[in-house]
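The opening residue of the sequence shown carries number 2 in the working numbering; numbering runs sequentially from there. Ideal Cβ placement from N, Cα and C applies to all residues, glycine included. In this text the structure is predicted, and so the values were computed from the model without any measurement. Report on the following structure.
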Amino acid sequence: MFCVFGAGAIIAYHLNGTVTKLFVSGSELIARGNMGKTFKNEIIVPASEVKYLGYDTGGENNPAGLYVSRGWRHNCMLPGISKNQTIAIADAIHTKFPQYQRQDGSGLVFTLN
C-alpha cells in the first residue's frame, strides 16, 4: 500500500512538468507548473499582499529563484533561475506594473522610476 502511494506521488510530481510559467497582472501574480512540490502546481498571490520581488538562494527544501515577499512569508514563483535573470524579470514586471517593488539582492528594497 505504501509503495502504491509513493509511486503515485512520483507520477504526480512528474505530471507537473519541468516548466514554470509566471502570469502577472495589476491584481495578482500566478505561478503555474513545476513548483518543486509533489501536489502543488499553482501559487496565486494578490497584488495587495506583495511587499517586493527578489532573488533568494532558497534553502533546505526550497530552490533558488524569483521570490515574492508577503511580509513573513516568501513564495518561490520562478524556481531555478539566476540572480541576474531574477533582476531582469523583476525590472520588467515593475516597468509594466509599478506597484510591484523589487529587491536588488542585497536586502535593499527600492522602487525603480
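- When DSSP states are grouped into helix, strand and coil, E29 belongs to the strand group.
- In this chain, the beta strand (DSSP E) harbouring I44 covers 43–47.
- Annotation for N85: the continuous alpha helix (DSSP H) segment containing it runs 84–97.
- Take the alpha-carbon of Q100 and the one of S83: they are about 23 Å apart.
- Taking the Cα of R71 as reference, the smallest distance to any Cα among L23, N62, Q86, I44 is reached at I44.
- According to the DSSP assignment, N76 belongs to the beta strand (DSSP E) that extends over 74–80.
- Our two residues, G59 and K22, have alpha carbons roughly 19 Å apart in a direct line.
- Between the alpha carbons of G27 and V20 lies a gap of roughly 23 Å.
- Per DSSP, the continuous beta strand (DSSP E) segment holding G55 begins and ends at 53–57.
- Distance from the Cα of N35 is smallest, within the candidate group T87, I90, P80, for P80.
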